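Protein chains in written order, with the working numbering: chain A, 363 to 857; chain B, 363 to 857; chain C, 363 to 857; chain D, 363 to 857.
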C-alpha cells in the first residue's frame with residue numbers, strides 16, 4: 363500500500379515546506395515507535411540503535427531523553443533518527459542509565475518541532491518524560507476541560523494531556539497518579555514514562571497498540587516491536603498485556619499492575635499485521651511475515667485469478683504476494699523495482715508532466731510484465747490513488763490483464779486509535795462496491811480478503827479478538843462524533 | 363567590557379558544545395530584546411528587521427510569532443536572527459498582521475532550544491505568545507507553588523510562570539488577567555503579549571527594563587530600544603511608563619492602564635547606559651552615546667591620568683574613551699583593532715599555548731602604543747579576567763604605563779533583574795579595594811567613576827532615580843536570599 | 363553481495379570522515395552512472411531525474427553540467443543526488459538544452475570533492491564537460507607522459523587524462539580529436555562529452571561498460587542503464603555499439619562513427635548482470651532480472667541442496683534466490699529483513715561490542731529460519747567477511763544448516779575496467795578451494811555457479827562473448843603489471 | 363567607503379544566489395589574503411588562525427593546503443574561514459609542517475567553488491599548491507596561447523595560468539621554473555607556492571601587492587599583512603622586496619633571489635593604506651592607522667569645513683576622521699552606529715520599500731547629528747551610490763549641512779592589479795568635476811585629498827614611489843586595452 367493522495371504534488375512541494383518529507387512510501391498512514399531501557403551504562407546509545415530499527419514507524423521526528431539521576435537530558439528534532447542524531451557527540455551527551463526514545467509520525471498534532479516527542483515536563487512530581495504511540499479519542503474534550511481549569515498547553519499532541527492528568531492526580535505515588543490519569547482517557551496507546559529513577563510502560567486496556575518487553579544483559583527494555591530487540595541483541599521476554607503497567611526501578615526490579623481500573627477484552631490492532639510492523643517482528647506472539655504470507659495464501663483461496671504471474675508491491679506486500687503465488691501455483695515474479703534512493707528527493711514538475719513521482723519510485727519490469735496476465739497483490743487500499751497509478755503503470759508496461767488482489771478487507775472506516783487515515787470520506791471503499799472500486803482503479807478484476815479469512819490467517823482463534831474497526835466499523839472504544847486529528851490544534855501553532 | 367571568565371576556553375570548547383557560541387564580546391552579561399507590531403500587512407518581516415537591530419541584546423536564540431486571526435504562526439531557533447531565519451520563506455510563512463519577536467541571552471534557564479522565546483501556549487483564553495526581557499525574582503517560588511497546584515512546565519524560563527498566572531486568573535478580560543498575573547510577580551521586566559487579536563506591552567513598576575513605543579505608518583510598534591525604530595523607519599513616540607500596560611487592538615486603538623495595583627518610584631537600569639543599549643538608542647529620553655561620552659568626560663575630571671594617549675576597548679567603550687580624551691586633552695587613539703569575523707570562530711588550542719582567543723579578537727596597535735603612557739578606558743569590570751589580559755596585551759605592545767579608567771563605579775553586587783552576572787562572589791570588585799583590583803589586574807593605576815558622577819553624566823536629576831543596585835547594593839525589588847538563575851531548572855533539562 | 367571488509371568499522375568511522383558514507387549495501391564495488399540529453403528545454407531537470415534512477419551506480423558524488431550556448435553551467439557535490447541537488451533552484455539555475463550528469467563511486471581517484479564529475483575544462487576547443495564510467499588501464503602511464511610534456515592535473519581521475527588527449531590532438535574537428543584521444547587509451551569505459559553545441563557518447567571497443575541510446579519526445583538521451591529511460595518516460599532505441607561514437611548536434615541530428623581505429627570483439631561485462639545493473643534494466647538486449655533468475659535456476663541445477671527453505675540476500679540476490687527456489691522446488695522465504703533507513707546512520711561502537719552494523723541492517727527472521735536447513739543465495743563473494751557474518755547471523759537465528767549458493771563463479775581476479783575490487787589478494791576465492799572458502803565462511807556447504815552456466819543463463823550464445831576476467835583471468839584489455847587505482851593520485855590530494 | 367552599487371538589491375538577492383554573501387561593507391572592492399608557514403608541527407592550525415586575521419581581505423572562499431612529505435592535504439570551501447573550517451577535525455586532518463592558506467574575493471574568475479584557492483596541481487614537478495593575491499594583466503592572452511598549445515583549464519582564475527607556465531618551463535629546478543614563469547607575466551601579485559618540501563614566496567617586480575616575512579619560534583611565516591603575525595604571536599622580520607623570491611626549505615633555510623630578470627622601480631599600492639589593510643598592519647614599514655590619521659589631518663588642512671562635528675564612516679574611515687577632527691579642532695563624534703550582525707542577513711524587500719539595507723547596517727545618531735553642520739569623512743568614493751545614501755541618511759537625521767571629505771583623491775581609473783573596481787565607466791569621478799560629483803551625491807560641499815597630500819601623509823618621500831594608477835591613470839604595468847576581469851571565463855563556468 364502506497365498511501366497518499368497525490369504523491370507527485372507532495373513531493374514537488376516538499377522542499378518548499380521546509381519540514382521533513384513524509385516518506386512517500388508510508389504516506390499519512392504511519393504511527394509512532396517507542397523504546398525504553400532501564401539500567402544500562404550507555405542507555406542513550408542503545409535507544410539510538412533501537413530507534414533505527416523502529417524508524418519505519420515514523421520518519422517525521424525523533425527524540426531521546428536520558429535520566430542521569432539529576433537531570434532529564436533531552437535531544438529532539440525533525441527528520442530521521444540519523445538526521446536528528448547526526449553526530450555521535452549528541453548521543454554521548456545524553457548521560458544516564460535510564461532512557462526512552464520516540465520516532466513520530468503525526469497522529470495528533472501537526473508536523474512541527476514543538477510536537478516532537480518525548481514530551482518533557484517539570485512538575486511537582488519531578489521531571490517526567492513521556493513517549494507515546496497511539497491516540498486518545500477523548501483528548502480534545504479533556505484538554506478543553508483542563509484549559510477551563512487553567513492548564514496551558516505548549517504542544518498540540520495528546521501526550522501533553524496525559525502529563526497534566528498525571529500531575530493533577532492527588533495520588534501519592536507516581537504509579538497511582540498514572541493509573542488515575544490513564545483511567546480518565548480512552549483510546550489506543552502504548553506509553554513509556556521516564557521519571558528520574560524509574561521507567562514505566564503502559565498499554566491501553568484493549569491492547570490496541572503494541573508494547574513488548576525484553577532483556578538486554580541485566581537491563582530491561584520496552585519496545586513497540588520485537589525487531590528492535592533483535593537489532594540490539596536483546597532477548598524477547600513477553601508482550602506487555604493489555605491494560606498492564608510495568609514499572610522498573612530500584613536497580614532493575616520489575617513490578618506489574620493493572621493500569622486501569624476495569625478490565626476489557628483484548629483487541630490488538632490487526633493492521634499491525636497487515637502493514638505497520640516490520641515482517642521480522644512478533645505481535646501477539648506471532649511473526650508478522652508469517653501472517654502476511656498466510657494472508658496471501660488465504661487470499662489465493664478466496665479470490666483466485668486466471669493469470670500468468672503474481673507480483674507484489676514492494677516492500678510491504680511482498681510477503682503476501684509470495685503467499686498468493688505459492689498457494690495459487692502461479693509463479694511469483696519481481697515485477698516492480700523500487701528505487702531505494704527516493705526518500706529525500708524532490709520531484710521537479712515537468713512542463714509536459716511526463717515524469718510522475720510514482721514512476722521515479724517504482725519501475726515496472728516490462729520484460730516480466732509484457733503480454734502477461736498479472737495478479738498484483740497489495741496489502742490494502744486507502745484512497746485508491748496509488749492503486750490507480752499502479753494499474754496504469756502495469757498496463758503501460760504491457761500487462762494484458764491486471765487483477766488486483768488485496769490482502770485485507772475493504773478499508774471503510776477511519777481509525778481513531780493511532781492510524782492516520784484522516785476522514786472516512788476519503789476512503790475509496792467507503793460507500794462503494796468492489797466492482798465500483800475496480801472500475802475507479804481501472805483493474806480488470808479486484809478482490810479483497812474476507813474479514814474471517816484475515817483473522818484465520820493470523821492463526822489465532824477468532825475469539826482472541828482483534829480491533830477490526832477500520833474494516834467492520836465495530837469500534838472497541840467509543841469515538842466522539844467529531845473526533846478529528848487536528849482537534850488539539852486550537853488557535854496556536856507551535857513550531 | 364569584555365566579560366567572560368576565560369574566553370579562550372569558551373571559544374575552544376564551543377564547537378563541542380553544539381549550541382551557539384556566546385558572543386565573546388558580550389559574554390554572559392547580556393539580556394534580551396523584544397519587538398512587537400500591530401496592524402502591518404507584513405508584520406513578521408518588520409519584526410525580522412527590527413530583531414537584527416536588537417541583535418546585540420541576545421545572540422543565543424531568536425523567534426517570531428505572528429497572528430493571522432486563526433493561528434499563532436511561530437518560528438524559533440538557536441543562534442543569530444540570520445541563522446534562525448536563513449531563508450526568506452521562513453518569514454514569508456509567518457502570516458499575520460500582528461507579530462512579536464525576541465532575541466535571547468539566558469537570564470533564567472539554560473541555553474536550550476526549548477527555552478527559545480516567544481513562549482507560545484494554548485489556553486482557555488486562546489493562543490497566547492509571550493516575549494520577555496528581564497527577570498522575575500520570585501518566579502522560582504511561584505513556580506513551586508504552581509507545580510504544587512498541578513501545573514506542569516515545559517521550559518525553564520520564567521515567562522512560562524507568567525503564562526500560568528495569566529491563565530489562572532479568574533478575571534474576565536485578558537487585560538485584567540494580565541494585571542492579576544503581573545501583580546503577583548516582582549522583578550524587572552518588559553513583556554510583550556500577543557493574543558489572537560491584540561498586542562499588549564507591559565513594563566515593570568520600577569521601569570527597570572526598557573520598553574519604547576513607536577509608530578510605523580499606521581502601525582504601532584513596541585521595542586526594547588529605539589534603534590529598532592530607526593532601522594525600520596518608524597517614529598519614536600514615547601517610552602512606555604514604568605508600571606504601564608498598553609493594549610493595541612480593534613484595528614489600531616491604543617489604550618493605556620496601570621499594569622500593577624500599587625505605584626512605586628521609577629528606577630530604570632543605569633547599566634543600559636553603561637553597556638547594554640546601542641549608542642544610537644534613546645533611554646529615559648536621553649541618547650546613550652551622549653551619556654557614555656559624558657561619563658567619559660566626568661571620569662576624566664574625577665580621575666585624571668598623566669598619559670600620552672587615550673584608547674577605548676571596542677566597541678562598547680569607544681564613546682566613553684572619546685569623552686575622556688576630549689575632557690583631558692590627551693589625544694584619543696585607535697589602539698586596539700577588533701577582528702570583525704571572530705564570532706563563529708573556534709580557537710584551536712596550540713600545544714605551545716601561544717595564541718590566545720583575546721589576541722585573535724583584539725590586536726594592539728604597536729605603533730600607537732609603543733613607548734606611550736596609555737589611558738585604557740573600559741565601560742566596566744565584572745570578573746576582571748579580560749581586563750588583566752588587556753593590560754598585559756598593551757604591555758606586550760610596548761606601553762610604558764597602563765592606566766585603567768572605568769566609566770562606571772565598582773560592580774559589586776549581582777543583578778537580579780535581567781543581567782546575568784551570576785554570583786556576586788565572582789565579581790572582582792566584591793570585597794576588594796581599588797588598589798587591590800589594580801594589582802590583580804596589573805594596571806599602573808586604576809580608577810572608577812563615582813556613583814554621583816555617573817548619575818550626573820546622564821543629565822537627569824539625581825531624584826529621577828535609577829536602579830543602581832549592582833553598584834550600591836540598594837535593590838529596589840527585594841531579592842530572595844537564594845535567588846539563582848538556575849533555580850527554575852529543577853530536575854528537567856529541556857532541549 | 364554486501365561487500366566491504368568490515369562494515370562496522372566503516373560505519374563507526376563515517377561521521378569522523380566528513381565525507382559521504384559509502385552505502386554499506388554496495389561497498390567499494392560500485393562504479394559510476396552517466397546520463398546525457400540533447401535538445402530539451404529543461405535538460406538539467408531531466409538529467410536530475412535520470413540520475414536518481416542511476417543512483418545505485420554511485421553514491422559518493424553527483425554532478426550536472428548544462429550548455430546554454432554560452433556557458434557550461436555546472437553543479438557538483440559530494441553525496442547522493444538528493445543531497446547535491448537539495449534545492450530546486452540549484453537545478454533551475456542550470457540553464458541549457460544540452461546536459462550531462464554523473465553519479466560516482468571512486469574507481470580511480472580517492473573520494474574528494476575535486477574528483478566529482480563531470481569534469482569541466484576550458485580549452486582551445488571551447489568548454490568541454492566529460493562524464494565517465496569505467497577505467498583506463500593505461501591512464502597512469504599516459505598521465506606521466508603528459509606531465510612530462512608539461513600538462514598539469516587538478517584531479518586524480520582518469521577522465522582528466524582523456525580531456526588532455528582530446529585537446530592535444532591536432533585533428534580539426536572535435537570528433538576527430540576524440541577519436542585521436544580514445545585511440546590512445548585502453549580499458550573499459552562509457553564516456554559522455556558535452557561541448558557547447560553537441561553531445562557525444564562513446565563506448566570502449568569491447569563494450570565492457572554499458573551505454574544505451576533512447577528518445578524522449580524530440581530529444582536524444584544516453585544512459586548507463588535503460589532504467590533511467592523508464593523513469594523519465596523515454597523510449598529505449600538501442601545500445602550504443604562497442605567502439606561506437608554517436609554525436610548529436612545541429613538541432614538533433616544523430617551521427618554514428620567508429621570511435622577507435624581498430625575493431626575488436628565485443629566483451630560486455632557480465633558483472634552488470636550479476637550485481638551492478640538494476641533488475642529492471644536491459645543490457646545486451648536482455649533484462650537483468652530475467653538473467654539473474656535464470657542464474658538462480660541454473661545454480662539450482664548445478665548445485666542442489668537438501669534444505670527446507672531458500673532465502674536471498676536483499677536486495678541484489680532476490681532475483682537469483684527466487685530462481686533457485688522455483689527450480690529446486692524448495693520454498694522461497696523472506697528470511698532476512700533489511701532496514702531501509704540505515705544509509706546515513708553511524709553505529710556507535712558499544713563497550714560490550716554486542717551490536718554489529720550488519721545486525722542493524724539485516725535482521726534474520728527467526729520464525730522462518732529456526733530449525734530449518736537454509737539455502738542462502740548471494741550474487742557473489744568478494745572478500746568473504748560479510749558472508750561469514752551472514753552465515754553466523756543465520757545460525758544465531760536457529761538455522762540448522764546453512765548452504766551458501768553463489769549465483770556466479772569464484773571471484774578470483776581484480777577488475778581493471780571500472781569495478782573497484784582493489785587488490786586480488788583481498789579476494790577470498792584467490793588461491794583457495796571452494797572447501798577452504800566454505801570453512802573460512804563457516805557454511806555447511808558452499809557452491810558457485812559455473813562459468814558456462816552463468817553465460818548460458820544470459821540466454822546469449824557463448825560466442826557472443828563477455829568479459830569474464832574477474833572469474834577467468836582472461837583480460838580482454840592487457841593490464842599493466844602494477845595497475846592500482848591510486849596510481850593517479852601522485853603527490854597531491856585534491857579536496 | 364561602502365562600495366557596491368546597490369547594496370539593497372545585493373542583499374535581497376543574496377539568499378537566492380546560493381553562494382556566500384559578499385560582505386556589504388567591503389563590496390566588490392576586495393582582494394585576497396595569503397599566508398604560509400614552513401616548519402611548524404601544527405602548520406595548518408597556525409594558518410587557520412592567521413586567515414582569521416586576514417579575513418577582511420576576502421570573504422568569498424577560504425582554503426588551506428598542508429604538505430606532510432607525501433601528500434598535499436587540502437580543504438577549500440565557499441564562505442568565511444569559520445564556515446569553511448567549522449569543525450576542528452577539518453584542520454586536524456590537514457597534517458604536515460609546511461602549509462599555505464588563502465582567503466579570496468574574486469578579482470579574476472567568478473564566485474564559484476571551483477575557483478577557491480589555493481590551486482592544487484599534480485605535475486611532473488610533483489604536487490604544487492599556489493595561493494595568489496593580485497591580478498595578472500596578461501593572463502587572458504597567455505591563457506589563450508597556452509590553450510592553443512593544448513593546455514586545459516579547470517578554473518577561471520589566473521593562478522592556474524602561472525601553474526602552467528611553471529610546469530612548462532624547461533628549467534631544472536623548481537625555483538628556476540618559477541622565475542621563468544613569472545618573467546612571462548605582468549601585473550601586481552603576491553604569490554605563495556607550496557611544494558612537497560618547500561615554501562616559496564614571490565612579490566611582483568613593482569611590489570604592488572604586499573607580502574611580509576616573519577618568524578614564529580623556529581618557523582618562517584609569510585603573510586599579506588603583518589596583523590596576521592601579531593595574531594599568531596609571530597615576529598615581523600621584513601617586507602619581501604618587490605621582485606624578490608624567497609624559498610624556505612631544508613629544515614628552515616631561507617634563500618632569497620630575484621624573481622624576475624629585470625628590475626623596475628617599486629610601486630606599492632597606495633590603496634592598501636587607504637582602504638584594504640587592517641589599521642594594525644604595517645605596510646612599506648609604516649603603520650596603516652597612522653597613515654590614515656595623517657591623511658585625515660592633511661585633508662583638514664587642504665579642505666577645511668565650517669562645521670560643528672566630524673564623523674567617520676565605520677569602520678574604514680574612523681582613523682581618517684579622527685585625524686581630520688584633531689587637525690581642524692572640530693569635535694569628533696560617533697555619528698553613525700554600525701550593526702555588527704548584518705553580515706549574513708538577507709533583507710526582505712518591503713512592499714513599501716521603506717527599509718533600506720544601508721539603514722539596517724548604519725544608523726545615524728540623531729541626537730548627535732540633529733541641527734548640526736556635519737563633516738562626513740569617508741576613505742574613498744567608487745561608484746557614489748553609498749555616499750548618496752549616507753548623505754541622505756544624515757539629512758533625514760537632521761543634519762543642517764553635510765560636508766563630505768574624502769581622504770583620498772578622486773578615484774577615476776579602474777585598477778588592473780588586484781582591486782575589483784570593474785569598469786572605469788562605473789566610477790563616479792570619471793569625467794565629472796568635483797562639483798558635479800557633489801551634486802550627484804547631494805552633499806553641501808565635497809572635497810578630496812590631493813595626490814601630493816596623500817603621498818605626503820604616508821611619511822615616505824615622494825620618490826619612494828607608489829602605484830597611484832587609480833587616481834592618476836599612470837599605470838606602472840601596461841594594461842591591455844580590453845582587460846576585463848571576466849576575460850578568463852571563456853565558455854565554461856566551473857562550479
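Glycine included, every Cβ here is placed at the ideal spot set by N, Cα and C. Please read all numbers here as calculations on a predicted model, not as lab measurements.
Burial state of residue i, where buried means 16 or more other Cβ atoms lie within 10 Å
{"i": "residue 647/D", "result": "exposed"}
{"i": "residue 606/D", "result": "buried"}
{"i": "residue 723/C", "result": "buried"}
{"i": "residue 655/C", "result": "buried"}
Residue closest to residue i, alpha-carbon to alpha-carbon, out of the options
{"i": "residue 620/D", "options": "691/D, 540/D, 698/D", "result": "540/D"}
{"i": "residue 822/B", "options": "794/B, 429/B, 652/B, 490/B", "result": "652/B"}
Three-way DSSP call (helix, strand, coil) for residue i in this model
{"i": "residue 477/D", "result": "helix"}
{"i": "residue 856/B", "result": "Per-residue confidence for residue 856/B stands at a pLDDT of 32, beneath the threshold of 50, marking its modelled position as unreliable; the derived number appears in the next sentence. The answer is coil: DSSP assigns residue 856/B none of H, G, I, E or B."}
{"i": "residue 545/C", "result": "helix"}
{"i": "residue 391/B", "result": "Only weak support exists for where residue 391/B lies, its pLDDT of 33 falling under 50; the coordinates are left without a value."}
{"i": "residue 452/B", "result": "helix"}
{"i": "residue 414/D", "result": "helix"}
C-beta contact flag for residue i and residue j at 8 Å
{"i": "residue 756/B", "j": "residue 661/B", "result": "no"}
{"i": "residue 543/C", "j": "residue 535/C", "result": "no"}
Of the residues that make up the region 624-647 of chain A, which ones have a beta carbon closer than 8 Å to any beta carbon in chain C?
640, 641, 642, 644
Of the residues that make up the region 481-509 of chain A, which ones have a beta carbon closer than 7 Å to any beta carbon in chain B?
482, 483, 484, 485, 486, 488, 489, 509
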